[in-house]
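Enquirer: I am attaching a structure below and will ask some questions about it afterwards.
Numbering (the numbering used here), first residue to last: 7 to 408.
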């Protein structure tokens, strides 16, 4: 974005954020030739870890406590001379003096910064206006969130889930496996409505309802009541139904963490605005991953993507920018979800498709949907069909890079 970006490969690089993007950026920068200091700051008390299992196998683990699976082993930080600092948050960026103001009244000088600050779970207004947070209302973003939710899982309890995207459906599957009653509310006419075709929605709706999930589409929460302890004990929905609930989880999407960048005077759109080089409007500050609003040459528009693959790609591109290396070509975005014994893999973005092709029989539990726009393949959903995923990814990649 800014041609003044230096390629000194020295000085102090501070990576803010201990998720996949942040950890990958620290190691990718070192591997690309950054010879100066690299400091990785994380607000959490655990070293960077894999987040996808939080809504899947970690929720159904039988032991009282399950430590998250680390992205990098502790010895590797020492070997690569990466200074990992946990329980450390950045409260303000002083661009003029190149200082990060940290929690506990500390400060840290920098030469370059990579913001890998991710996002936070969106809230529902009717659940966030209380004097104090309801103890049985959950979101799922960190290992702490996962631990609290898993502790609340009990056979025979009622869990209400708001939002039938990937997270909502994955949590529903985990809750059913733990013996709970699950009520799922979705404002759209079908589950996964934003990302899949109706045939895929119908498949997953059937799989969940067959296992006992009560799915209510085109339904929202109208109001709630609290018990004497401040917990939500009853929910009234837009279709006139009332439900007693033991726990409620909100899975209605992610909002990018842009406050730090905005207060520092950086450009903010649907995330922190960066160029193809991941550089913000300040040449010494880059932004990557879930928080970054970047220009996609594949789709010829700005976008923000939430996926592990995107986080890794951004991190490596930022490392190339800092060290003056040539970045690899942009890759097609891809995503995955696991529900019960089903694997859903998606490559490409189906937005704006005008035709679909179904590969094999959806009734067989192994099929795929190809999405086309003006005759061109733009995305593939593969349900338990690895061959269709690989084939679609290869064909689209060849079309993009030729």
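We treat Cβ as the ideally placed atom computed from N, Cα and C, and that holds for glycine. Bear in mind the structure is a predicted one, so any value in this text is a computation, not a measurement.
Would you grab the beta carbon distance between residue 352 and residue 201 for me? Rounded to a whole angstrom, and I think it's under 8 Å.
Expert: That belief holds up - the Cβ atoms of residue 352 and residue 201 are roughly 7 Å apart, short of 8 Å.
Enquirer: Helix, strand or coil, according to DSSP, for residue 354 in the structure here?
Expert: If DSSP states are grouped into helix, strand and coil, residue 354 belongs with the strands.
Enquirer: Does the distance from the CB of residue 320 to the CB of residue 27 come in under 8 Å?
Expert: Result yes, Cβ atoms of residue 320 and residue 27 sit closer than 8 Å.
Enquirer: The ligand GDP and residue 24: does any heavy atom of the ligand fall closer than 7 Å to the residue's C-beta?
Expert: Looking for the ligand GDP in the displayed structure turns up nothing, as the structure carries no ligands at all.
Enquirer: Check for me: the alpha helix (DSSP H) holding residue 37 runs from which residue to which?
Expert: 26-38 is the extent of the alpha helix (DSSP H) around residue 37.
Enquirer: Is the CB-CB distance between residue 143 and residue 280 below 8 Å?
Expert: No, these two residues do not count as a Cβ contact at 8 Å.
Enquirer: With 16 as the cutoff for other CB atoms within 10 Å, does residue 23 come out buried or exposed?
Expert: Looking at its Cβ environment, which holds 16 or more other Cβ atoms inside 10 Å, residue 23 is buried.
Enquirer: Tell me, please, which residues DSSP counts as bridged to residue 110.
Expert: Answer by DSSP bridge pairing: none, since residue 110 is not bridged.
Enquirer: Under the assumption that residue 190 contacts residue 171 (Cβ atoms under 8 Å), give the Cβ distance between them as a whole number of angstroms.
Expert: The pair is not a contact, with the Cβ atoms about 11 Å apart (cut-off 8 Å).
Enquirer: Give me the residue from 106, 62, 285 and 53 with the minimum Cα distance to residue 82.
Expert: Checked all of 106, 62, 285 and 53; the closest Cα to residue 82 is 53.
Enquirer: Quickly, what does DSSP pair residue 311 with across the bridge? List them, please.
Expert: DSSP lists no partner for residue 311.
Enquirer: What would DSSP say about residue 58, mapped onto helix, strand or coil?
Expert: In the structure shown, residue 58 sits in a helix (DSSP, three-state: H, G or I).
Enquirer: Just curious, the alpha helix (DSSP H) that residue 396 is in, first and last residue?
Expert: Its alpha helix (DSSP H) spans residues 392-406.
Enquirer: With respect to the beta strand (DSSP E) encompassing residue 43, which residues constitute its N-terminal and C-terminal limits?
Expert: Taken as a continuous stretch (DSSP letters only), the beta strand (DSSP E) holding residue 43 covers 43-47.
Enquirer: Are the Cβ atoms of residue 326 and residue 317 separated by less than 8 Å?
Expert: Cβ distance not < 8 Å, so residue 326 and residue 317 don't count as in contact.
Enquirer: Could you give the uninterrupted runs of the beta strand (DSSP E) lying entirely in the stretch 112-177, keeping only those of 3 residues or more?
Expert: Whole beta strand (DSSP E) segments, 3+ residues: 112-115, 118-121, 125-127 and 164-168.
Enquirer: Within 10 angstroms of the Cβ of residue 373, are there 16 or more other Cβ atoms? Answer buried if so, exposed if not.
Expert: Residue 373 comes out buried.
Enquirer: Taking 8 Å as the threshold (C-beta atoms), are residue 394 and residue 386 in contact?
Expert: Contact: yes.
Enquirer: With distance defined between alpha-carbon atoms, name the residue in 38, 37, 88 and 232 nearest to residue 18.
Expert: Closest option to residue 18, Cα to Cα, is 88.
Enquirer: At the level of alpha carbons, what is the spacing between residue 341 and residue 156?
Expert: Distance between the alpha carbons of residue 341 and residue 156: 25 Å.
Enquirer: Where does residue 287 sit, in a helix, a strand or coil, going by DSSP?
Expert: Three-state result, residue 287: coil.
Enquirer: Mind checking residue 210: buried by the 16 CB within 10 Å criterion, or exposed?
Expert: So residue 210 ends up on the buried side.
Enquirer: Please classify residue 9 as buried or exposed, where buried requires at least 16 neighbouring CB atoms within 10 angstroms.
Expert: Low confidence applies to residue 9: its pLDDT is 44, below 50, so where it sits in the model is not reliable enough to give any reading.
Enquirer: Return the first residue and the last residue of the beta strand (DSSP E) that residue 299 is part of.
Expert: Run containing residue 299: 298-302, per the beta strand (DSSP E) assignment.
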